[in-house]
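Residues in the sequence shown are numbered from -14 upward in steps of one, following this note's numbering.
To keep things clear, I will list the structure first and then write my remarks on it.
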Amino acid sequence: MVERIEDLNLPNAVIARLIKEALPDGANVSKEARTTIARAASVFVIFLTSTSTTLARKQNHKTINTVNILDALKQLEFESFVEPLTRELEVYRKVIKDKKEKSKKEISTNADNNSATKETN
């Protein structure tokens, strides 16, 4: 699995960006505080993944799905995360669906244009 505990840390740039976005302008965070937040975030991800895996295995699933993650959040007493995450997931799914539909339309339009060009030649 992992040889060193440091390998489990999330990228510092990602953590720094998340911290910056969460704080008001002008707020500063010490290096030690950033490190603490990064380690806490890593532990949270590992804990959530482990709990989600356990729930998936109880249902004889080899793959963790969204339902497992949301159920794990409830089990870990993070119920307040479930509703906002569900809303964001719906937005994400809509964006992905819209991108796919747009891509299909562009492919169809390009194919129609290519056919029309060949017919005129």
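Every residue gets a Cβ at the ideal spot worked out from N, C-alpha and C, and that includes glycine.
Member of the options whose CA lies at the smallest distance from the CA of residue i
{"i": "L40", "options": "P9, K59, F29, S27", "result": "K59"}
{"i": "N50", "options": "E62, T36, L61, N95", "result": "T36"}
{"i": "A26", "options": "L74, A1, K82, E91", "result": "A1"}
{"i": "L70", "options": "E86, V52, I4", "result": "V52"}
{"i": "P(-4)", "options": "E6, T20, D10", "result": "T20"}
{"i": "F29", "options": "K84, F66, K79", "result": "F66"}
Nearest-angstrom Cβ-Cβ length linking residue i and residue j, presumed shorter than 8 Å
{"i": "A18", "j": "N(-6)", "result": "At roughly 15 Å, the Cβ-Cβ gap does not stay under 8 Å, so A18 and N(-6) are not in contact."}
Contact under 8 Å by Cβ, residue i with residue j
{"i": "L61", "j": "L33", "result": "yes"}
{"i": "L8", "j": "V14", "result": "yes"}
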